[in-house]
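Numbering (full-length UniProt numbering), first residue to last: 1 to 84.
All C-beta atoms in this analysis are idealised placements derived from N, C-alpha and C, irrespective of residue type, glycine included.
Owing to the predicted nature of the structure, the values given are computational and were not obtained by experimental measurement.
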């Protein structure tokens, strides 16, 4: 199984002490009419939460090159001149 996201991890930690005495049974959506309320309740991602995951800054992506074939040669000449 891949690494669970923070929402799954929170629920897994919450039921960990009861896991020996429970059986998990999957029910198809059309059979289970009362689903959704608790499973979609989002918990705050704060340090006091056991499953807190610090948000990372977005990685800086460096642009290596741009290819725009419809630009005229005068644009590229201006760019070349700006580097001189």
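Run the CB neighbour count on residue i, radius 10 Å, all protein chains shown included, and call it buried at 16 or more, exposed below.
| i | result |
| --- | --- |
| residue 80 | exposed |
| residue 6 | exposed |
Relative to the C-alpha of residue i, which candidate in the options has its C-alpha closest?
| i | options | result |
| --- | --- | --- |
| residue 12 | 44, 50, 28, 27 | 50 |
| residue 47 | 3, 4, 10 | 10 |
| residue 68 | 62, 76, 61 | 76 |
| residue 14 | 74, 62, 43 | 43 |
Taking residue i as part of the alpha helix (DSSP H), name the residues at either end of that continuous run.
| i | result |
| --- | --- |
| residue 7 | 6 to 14 |
| residue 79 | 73 to 82 |
Can you list, in chain order, the residues of its chain with a C-beta nearer than 8 Å to that of residue i? Leave out the 5 residues immediately preceding and following it.
| i | result |
| --- | --- |
| residue 55 | 45 |
Which residues in the same chain as residue i place their Cβ atom closer than 7 Å to its Cβ, once the five residues preceding and following it in sequence are excluded?
| i | result |
| --- | --- |
| residue 52 | 45, 46 |
| residue 17 | none |
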